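Peer 1: Got a structure for you, written out below as structure tokens; questions coming shortly.
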Amino acid sequence: MKTTNKELSPVQQLLEKKYNSGFLNRSEKIIPAVLFLMAAVSVLTTLGIVLTLIFETITFFGDVSIVEFFTAKEWYPFSGTDPVYGIWPLVLGTLKITIIASLFAIPIGLAVALYLSEYASARTRKIMKPILEVLAGVPTIVYGFFALTFITPVLRGIFPSLEMFNAISPGIVVGIMIIPTIVSLSEDALSSVPESVRQGALALGSTKWETASKVIFPAALSGILASIVLGVSRAIGETMIVSIAAGSTPSASLDLTTSLQTMTSYIVQVTTGDAGFGTTIYYSIYSVGFTLFIFTLLMNILAQFISKRFREEY
Amino acid sequence: MALTAVNTTKNNQSVQNEELFVYNTKNLNLWYGEHHALKNINLGIKEREVTAIIGPSGCGKSTYIKTLNRMIDLVPGVKTTGQIEYRDRDIFSKDFLVEELRTRVGMVFQKPNPFPKSIYENIAFGLKIHGIKNKQIITETVEKSLRGAALWDEVKDRIHEPAYGLSGGQQQRLCIARCLALEPDVILMDEPTSALDPVSTLKVEELIQELKEKYSIIIVTHNMQQAARISDKTAFFLNGEVVEFNSTDTIFNNPADSRTDDYISGRFG
Amino acid sequence: MALTAVNTTKNNQSVQNEELFVYNTKNLNLWYGEHHALKNINLGIKEREVTAIIGPSGCGKSTYIKTLNRMIDLVPGVKTTGQIEYRDRDIFSKDFLVEELRTRVGMVFQKPNPFPKSIYENIAFGLKIHGIKNKQIITETVEKSLRGAALWDEVKDRIHEPAYGLSGGQQQRLCIARCLALEPDVILMDEPTSALDPVSTLKVEELIQELKEKYSIIIVTHNMQQAARISDKTAFFLNGEVVEFNSTDTIFNNPADSRTDDYISGRFG
Amino acid sequence: MENTARVKSEEMVSRIDGRLAKNKVVKGIFLTATIFTSIILIVLLYRIISQGAPYLTWDFFQNFASRRPEQAGIKAAVIGTLWMMSVVIPTAAILGVGTAIYLEEYAKKNKLTRWIQMNISNLAGVPSVVFGLLGLTIFVRVFGFGNSILAAGFTMALLVLPVVIVAAQEAIRAVPKELKEASFGLGATKWQTIYRVVLPYAIPGIATGSILAFSRAIGETAPLIVVGIPTFVAFLPSGYLDSFTALPMQIYNWTSRPQVDFHNLAAAGIIILLAVLILMNSVAVWIRNRYQAR
Amino acid sequence: GNNNADNGAGGNGEEGQDAQLQGQISIDGSSTVYPIAEAVAEEFMLEQPDVKVTVGLSGTGGGFEKFIAGETQMSNASRPIKDEEVQGLKDAGVDYTELQLAYDGLSVVVNKENDWVDQLTVDELKKLWLDNGKTKKWSDIREGWPAEEIKFYSPGTDSGTFDYFDEVILDGGQIDKSATLSEDDNVLVQGVTGDKNSIGYFGYAYYLENKDNLKVVPIVNGEGKAVTPDAETIKSGEYEPLSRPLYTYVSNSAVKEDEAVKAYTQFTLENAAALAEDVGYVALPEEEYTKQLETIEGLK
Ligand SMILES: Nc1ncnc2c1ncn2[C@@H]1O[C@H](COP(=O)(O)OP(=O)(O)OP(=O)(O)O)[C@@H](O)[C@H]1O
Ligand SMILES: Nc1ncnc2c1ncn2[C@@H]1O[C@H](COP(=O)(O)OP(=O)(O)OP(=O)(O)O)[C@@H](O)[C@H]1O
Ligand SMILES: [Mg+2]
Ligand SMILES: [Mg+2]
């Protein structure tokens, strides 16, 4: 047979040429650097955000004492006589909405994700997922009016003591809004658990639920947590639904049936409103934005911690 | 030796001389969509025997064994006709829950598929889902199963570490151990030793010999020697059909069908 | 037979009676983190021979073979000391690009790992990444490689269908074909036939015999018979060490170390 | 011992009914949740469609905004949104996938990488208004793009970037390592492996996640308001530095007008917006099916 | 702005029809003024299609921010410019002219089922809306009214509407803290419609659109006459003190240097009256526009 190196097949000839011509093209070296620069963009974005927020926040704290900001229990920046800037009511408003939305969306979102990935037929899944993804893009103003003109009246029919603007209705609708995010990303995480693992569990006589809850779910946990964090972050950051359906009354009361204001809706109120440029009120949005930023930061640190603890490799 | 194994069948069954089938397959046909993968299979599998299924790649061995515990249900677009009885119960009937079937019939797969959990949890899983919560029983069973799969000595110091840190062979033995933990009636094995080294293989083969005292075992294997060594009966599959099913002795030494002979002696192609 | 194989080495090399190593491993040590997986390995692997590596599960066979083409680089936290020379070039040196090494040294893995592409594309892949665009060459090579892996007849009508539709055995043979397409100098095989039926195994074994006319082959196997049948040299690994390395004849019939004897005769445990 | 084993097995089997009941109940709950969600969404859609559908006339597509509801159209907003997305999608996709590849395939698992990672998931939670402030400062002012398509597009791209990155990372991580090994084993370079094996396998996952993100970009209002995108634009842009308006801006404005007719126009606008989303999703589904590996 | 018109500035109120102008005009600011601005831009572009006018709605403050930064030539405002903004413009070296475009009559409304409120005086309004730290019942305001708790609906505290109400009714005092505030007047309409004991106020146009679902309350003016807001009473000034002017601010240098801006500003003043009424506001008396036009002419 062809045993000497002289008789090379066409493939070998071509390869030999390649070895001699230097194997690596320069792109192998450049690409990591280019990719690193791309990764740097998101770091620069954070840096940009922090810088944008911090200068104006400092200006704001020139006018308002930082102690008042964190300890005062009222937020009445527009009061002509004695404005009070205590962030607590806005934080509380955000918390109310976020908690209600999470309580509503996380169980339902995960239930739907589990249904789609573990129970539903491939066809149902194929139909449902794109629909949910479309709904994730519905502008939030639409959800806002949905809350105000549909959910609120329905709820008021059941609980007459509920006010026109309250925490529950927008909370639920924010929940509805983030369900597609949670479902879609969780379902991805669940269905990327290898089929062989699923079979291993089923072959031991476990039901679908046991397979899903004891094997698949834990295996997909880090992806699921990521979807929840993203969903909850969107709830925290949601603006329009809250502006429309929750009113804009900063309130330090724990009552869920009355009007409230969140950090985001305050920012939008001021950016779209008529407050004077350069006034304390104007700068206050940066301080609120900064608080909001810290808020999401803390939540993410928590989520990272949780996800690190529960990550399972497969 | 194969025949003595049959004779060791315990006499807790009333009629001893009647053929006692754990599995009885009657006119089974199976299609993957258009592809006719199993053709008119008839096989009676006896209790407390080791039945080997041999045949060339793609002949339908895995398909058949997956049908026995209805794992095949997971493949969309599969159609079956005919009947399979497990201890006289139609496995396709509504009354017979797949979960029960699969608890009674353990399965070891071709590719190792441990759960992304610790070694311990992998084995405890089956017990836990079946409602066994007693920690002591679980821990004992974990050890017993790991010993049974000839894995205990290698992993005893790290049973709480992730199973994915094990080598391929170790993972497969873990899967066997996992299945043993439920002490099933029948164990289906799809080339369980193809990822094991001879030493472990030997251990598992010994184990199989031991297990058949209590369990019925159906094993798919490519290893002719293995089939000859451990099985009482052998079925030779070809193109989705059972060419020959007989005692292992007969199949290997005196096959009725020339194709069997060809395959066994390696002339087949 | 083993010795004749050595003698077929062509005399395009100047010194004929000098030992001609494609791979020369000197004092190789390897750690996975803290775990010392390879201990002071010394092995000279001759050109146009089949070298078998045997040993119990977890002894480091896969680790060693993965080191030879530096696939081990992909595992984080691996540390090596010592030297491996491939045709007198230090494979760990900066000048020797892993890509070149891996092109010259093909590899077939333990688990079949076809790409999620068509059969054709699986084999064309290697050619394409190396800049071979000529359609005719590609198509010819695809056919040649598939024939080489004893797969052509089974898939010739559907080479543009997804490789995932093949059975396990077929997939593994596809992976062998894929590796053959690049006509490498050395082929590393990590239990290439453990997922194949005897018929295909036989074909692959024949193929290996044929290939060694042109290529040097290093094969990890659990199948003692296989090692005996096809290899010229055999290395017996145990706990990360080379216990014995010699001609296959010697290893199987007259091992120097008692552990080798124990392992080969199945007494080892 | 043999006996205990048998008893155990029977005991296990005897529990199956309960477990199955549980499975059924859970399945029922899940199904209910799915149906419930679907119903809510159907109600939402029904309300929008029944309100807006009658206003979807040819004129509606052909006309620019107007103070007279019957003459008002959505042309500028639709075209503007398309222009903006033609900036957002490539920018976010390239940066997002690039970053994901860097993090998953190239970056060492060190503090810096973890910090970048942390920073990305945190960015995903930063409210869109804040991105608006960033866009205003950086793109509108510092880069001097003004309230152009480029400024808004880049702002939106940054807004959705973290989601794209995370989705791409998950998808890349899900690529079996056996495939990468196979590619490396054939002498492929790292980039070839990524480009030819990892990416094709990961594309369906990347597409799914990114579509979610891009959908968000289409529907976001707040950052556009802050960046200062005008609402009344009665001409079509001819370049990326032109002024433009976008669908959510127009919808937002119409909903806040006193006249009911405008509210209905807003609903019609939302239908258009959903149609754009469906179009994008179809592309994603197409990609997913085309590259589907499993 | 390079344009070629030489006679675009006809003082007689007729546009220079034969002059085709070119250029770009950016307008931003209050969302309250937006409908008027949109209408003007729409009409203007019919005559001068090559002048690309854009109108945004970043809010009065946001509009001024851009105006100060020189990004817009015109800034709409639903309140007079504030000191900080004046200072900002000064620092940026932007000279400006304030123009009034129309009136908006703040309409005080109650629920349709409210059959007791017939009219309100300014004092009563003040008593109603000023925070006294307690919850208020209708009976606290006037004898004979039901002893039911009042629900207040007011535009957000950051709106020009609120600002104006706060100034003329509350003298800058604190609005009742139980008041439900919302940025969107449509949302307030929903609130008042849904609550029997509610009272609210918002722009006239929103009342006009929803007059079938709401009951408007006549307000007693300085002359002691209870006046219902409508086009007549607002325009004539009879409906006071709750009618307020809407503004736009234009950059003097833009008017001077850019024919298109100048033409546009004149067009605005000439057509504001008609267009404002088109979108639900009330025109100023004719002479107000003429006066302002002269001011613009004077910017040479
Ligand atoms: N999910 C499937 N869809 C379609 N065809 C399939 C599927 N699984 C297997 N097949 C086909 O059915 C036939 C039998 O496959 P099976 O896996 O049972 O073979 P096998 O005997 O187990 O082979 P091997 O020894 O390689 O494991 C083969 O031709 C295979 O290609
Ligand atoms: N990535 C890894 N990290 C840590 N330890 C590893 C890793 N891979 C293998 N090992 C350990 O190194 C040792 C050698 O493993 P290797 O896979 O080389 O064994 P092997 O001889 O190929 O076994 P088998 O026959 O089961 O394939 C084993 O103890 C294994 O547990
Ligand atoms: Mg099989
Ligand atoms: Mg190995």
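Residue numbers (my numbering), protein chains in the order written: chain D, 1 to 314; chain R, 1001 to 1269; chain F, 2001 to 2269; chain E, 3001 to 3294; chain U, 4001 to 4300. Every residue, glycine too, gets a C-beta built ideally from N, C-alpha and C. These numbers come from a predicted model, not from an experiment.
1) In terms of alpha-carbon separation, which member of F:2039, F:2069 and F:2155 lies closest to residue 2186 (chain F)?
2) Got a sec: which bits of the segment 3105-3133 of chain E sit with their beta carbon under 7 Å from any beta carbon on chain D, in order along the chain?
3) Count the other CB atoms within 10 Å of the CB of residue 1977 (chain F); is the residue buried (16 or more) or exposed (fewer)?
4) Going by DSSP, name the residue or residues bridged to residue 1026 (chain R).
5) Just verifying my parser: in three-state terms, what is the DSSP assignment at residue 171 (chain D)?
6) Consider the Cβ of residue 282 (chain D): report whether some Cβ of chain U lies at a distance smaller than 8 Å.
7) So within the segment 1082-1114 of chain R, which uninterrupted beta strand (DSSP E) runs reach at least 3 residues, ignoring any that extend past its ends?
8) Compare the C-beta of residue 1008 (chain R) against all C-beta atoms of chain E and say whether one is closer than 8 Å.
9) If you compare alpha carbons, which of U:4257, U:4299, U:4192 and U:4241 is closest to residue 4122 (chain U)?
10) For chain F, check one thing: does any of its Cβ atoms lie closer than 8 Å to the Cβ of residue 3170 (chain E)?
11) Got a sec? Which residues, its chain only, sit under 6 Å from residue 1109 (chain R) by beta carbon, not counting five neighbours each side?
12) Hey, is residue 2062 (chain F) close to ligand 4, as in C-beta under 7 Å from one of its heavy atoms?
13) For a cutoff of 8 Å on Cβ pairs, would you count residue 3196 (chain E) as touching chain F?
14) Among the candidates D:107, D:59 and D:206, whose CA atom is the shortest distance from the CA of residue 1130 (chain R)?
15) With a threshold of 7 Å, establish whether the CB of residue 1168 (chain R) neighbours any heavy atom of ligand 4.
16) Got a sec? Which residues, its chain only, sit under 8 Å from residue 4159 (chain U) by beta carbon, not counting five neighbours each side?
17) Would you call residue 4163 (chain U) buried or exposed, if buried means 16 or more other Cβ atoms sit within 10 Å of its Cβ?
18) Is the beta carbon of residue 85 (chain D) sitting closer than 8 Å to the one on residue 233 (chain D)?
19) Should residue 297 (chain D) and residue 3122 (chain E) be called a contact, given that it needs their Cβ atoms to be closer than 8 Å?
20) Check the Cβ of residue 4054 (chain U) against every Cβ in chain E and list those closer than 7 Å, keeping chain order.
21) Tell me which same chain residues have a C-beta within less than 6 Å of the C-beta of residue 2107 (chain F), skipping the five on either side of it?
22) Would you say the beta carbon of residue 2171 (chain F) comes nearer than 7 Å to a heavy atom of ligand 3?
23) What residue range does the beta strand (DSSP E) around residue 1246 (chain R) cover?
24) Could you tell me whether any Cβ in chain D is nearer than 8 Å to the Cβ of residue 4281 (chain U)?
25) Is it the case that the Cβ atoms of residue 3127 (chain E) and residue 148 (chain D) are separated by a distance below 8 Å?
26) Within 10 angstroms of its Cβ, does residue 71 (chain D) collect 16 or more other Cβ (buried), or is it exposed?
27) Need the endpoints of the beta strand (DSSP E) that residue 4030 (chain U) sits in, please.
28) Closer than 9 Å, Cβ to any Cβ of chain D: which residues of the segment 3018-3034 of chain E, in chain order?
29) Can you tell which of F:2079, F:2097 and F:2223 has the C-alpha that lies nearest to the C-alpha of residue 2086 (chain F)?
30) CB-CB under 6 Å to residue 2257 (chain F), same chain, minus the five flanking residues each way: which ones, in chain order?
31) Any chance the CB of residue 199 (chain D) is under 7 Å from a heavy atom of ligand 3?
32) Give me the Cβ distance between residue 2024 (chain F) and residue 2040 (chain F), rounded to the nearest whole Å; I'm assuming they're in contact under 8 Å.
33) Assign residue 306 (chain D) to one of three DSSP states: helix, strand, or coil.
34) Report the three-state DSSP secondary structure of residue 4253 (chain U) (helix, strand or coil).
35) Whose Cβ in chain D lies nearer than 9 Å to the Cβ of residue 1115 (chain R)?
36) With a threshold of 8 Å between beta-carbons, can residue 2170 (chain F) be considered close to chain R, or not?
Peer 2: Per the coordinate set shown:
1) Comparing alpha-carbon positions, the option among F:2039, F:2069 and F:2155 lying closest to residue 2186 (chain F) turns out to be F:2069.
2) 3106, 3116, 3118, 3119, 3120, 3121, 3122, 3123, 3124, 3125, 3126, 3127, 3128, 3129, 3130 and 3133
3) In the structure displayed, chain F extends from 2001 to 2269; residue 1977 (chain F) sits before or after that span and is not available.
4) R:1083
5) helix
6) Using a Cβ-Cβ cut-off of 8 Å, residue 282 (chain D) counts as an interface residue toward chain U, since at least one Cβ of chain U sits closer than that to its own.
7) 1105-1108
8) Legend: pLDDT at residue 1008 (chain R) = 37, less than 50; position of this residue unreliable, value from coordinates given subsequently. It does not: the Cβ of residue 1008 (chain R) has no partner Cβ on chain E nearer than 8 Å.
9) U:4241
10) no
11) 1190
12) yes
13) Chain F, which has a Cβ nearer than 8 Å to the Cβ of residue 3196 (chain E), makes this yes.
14) The residue with the shortest Cα to Cα distance from residue 1130 (chain R) is D:206.
15) yes
16) 4032, 4078 and 4183
17) buried
18) no
19) Yes; because the gap between Cβ atoms is below 8 Å, this pair is in contact.
20) 3230, 3232, 3233 and 3243
21) 2069 and 2188
22) Of the heavy atoms belonging to ligand 3, none sits nearer than 7 Å to the Cβ of residue 2171 (chain F).
23) 1241-1247
24) Taking Cβ atoms only, chain D never reaches closer than 8 Å to residue 4281 (chain U), which makes this a no.
25) no
26) Label assigned to residue 71 (chain D): exposed.
27) Looking at the DSSP string, residue 4030 (chain U) is not in any beta strand (DSSP E), and its letter there is neither H nor E.
28) 3019, 3020, 3022, 3023, 3024, 3025, 3026, 3027, 3029, 3030, 3031, 3032, 3033 and 3034
29) Comparing Cα-Cα distances from residue 2086 (chain F) to each of F:2079, F:2097 and F:2223, the minimum goes to F:2097.
30) Excluding sequence neighbours, residue 2257 (chain F) sits near 2243 and 2244.
31) no
32) At roughly 14 Å, the Cβ-Cβ gap does not stay under 8 Å, so residue 2024 (chain F) and residue 2040 (chain F) are not in contact.
33) helix
34) Three-state result, residue 4253 (chain U): helix.
35) Under a criterion of Cβ atoms nearer than 9 Å, the residues of chain D adjacent to residue 1115 (chain R) are, in order, 197, 200, 201, 214, 215, 218, 219, 312 and 314.
36) yes
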